[in-house]
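Data first, discussion second: the structure below is written as structure tokens.
In the numbering used here, the protein residues as written are 297 to 547.
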């Protein structure tokens with residue numbers, strides 16, 4: 297965004313003012329779509345933890361459908377009220393005209409972004425955060441930097457600059473759809489979940505029970521990242537503190 301803003305500044309004060317005013321209108325959509333992303337992360341996390349994988353997949357499809365409907369409806373509203381909305385931030389006719397051209401170019405392409413928000417949120421809810429982060433960094437950030445530094449430098453036009461938004465959204469959404477359908481991300485998350493339930497928890501429970509720190513086996517741990525758990529370090533310190541010769545071979 298800093299690079300985009302720096303490029304916008306090179307088109308003069310009217311474009312700067314129009315782009316700033318557009319940002320106020322644009323923010324209405326991002327608040328809504330970000331809420332969908334947070335919601336699907338929570339819902340997927342709950343169902344993944346309960347091993348309701350079919351319900352989890354259904355919730356992703358439902359969220360995609362609802363967010364698409366909301367995106368289309370909100371885009372239509374923003375297109376309809378764009379002129380009076382921009383008029384709240386500037387009374388300059390030239391600024392409003394440029395602002396409208398920005399709105400009419402970018403707002404209809406909002407629909408291409410929702411796959412990034414919903415699918416990345418769903419994957420994070422299941423515990424797969426690294427690959428979605430890399431795809432977002434590559435598709436949205438690096439590709440946009442390349443577009444501004446190479447394409448816009450060769451074709452110094454505002455429309456060319458603004459096209460960096462829908463182009464990077466389309467490319468990144470395509471990456472997310474391919475990874476969601478073909479990336480085997482869910483199988484890896486389930487394998488990690490099974491390892492925790494079938495190996496990690498029984499081992500940790502045996503150590504704590506033999507050391508008389510608890511009387512019953514533990515059934516859950518607090519997860520911190522994809523492969524690390526909050527109790528790992530505590531377990532390590534505890535094993536170093538106790539007399540390991542008194543423990544069973546398993547411990």
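Quick reminder that beta carbons are idealized off the backbone N, C-alpha and C, glycines included.
| Asked | Found |
| --- | --- |
| Residue range of the unbroken alpha helix (DSSP H) whose run includes residue 465 | 460-478 |
| Backbone secondary structure at residue 314 - three-state DSSP | helix |
| Cβ shell of residue 396 (< 8 angstroms), same chain only, five flanking positions each side left out | 378, 379, 382 |
| Below-8 angstroms beta-carbon distance, residue 318 vs any chain D residue | No chain D is present in this structure, which holds just one protein chain. |
| Within 8 angstroms, strictly: CB atoms of residue 318 and residue 398 | yes |
| Residue 404 and residue 371 closer than 8 angstroms at C-beta | yes |
| Helix, strand or coil at residue 526 according to DSSP, with G and I counted as helix | Bear in mind that a pLDDT of 48 at residue 526, under 50, signals an unreliable position, so the model cannot answer this. |
| Rounded separation between residue 494 and residue 513 - CA only | 12 angstroms |
| Residue 362 versus residue 502: straight-line alpha-carbon distance, rounded | 46 angstroms |
| For residue 411 and residue 469, believed in contact at Cβ under 8 angstroms, the rounded distance | 4 angstroms |
| Exposure label - residue 510; buried when at least 16 CB within 10 Å | exposed |
| Cβ contact (3+ pairs, closer than 8 angstroms) linking the region 384-393 and the region 334-341 | no |
| Within 8 angstroms, strictly: CB atoms of residue 464 and residue 447 | no |
| Heavy atom of the ligand COA within 7 angstroms of residue 449 beta-carbon | This structure does not include the ligand COA; it has no bound ligands of any sort. |
| For residue 488 and residue 423, believed in contact at Cβ under 8 angstroms, the rounded distance | 7 angstroms |
| Cβ-based burial, residue 490 [other Cβ within 10 Å; buried from 16] | exposed |
| Contacting residues, own chain, Cβ-Cβ under 8 angstroms from residue 444 (five flanking each side not counted) | 299, 300, 303, 457, 460 |
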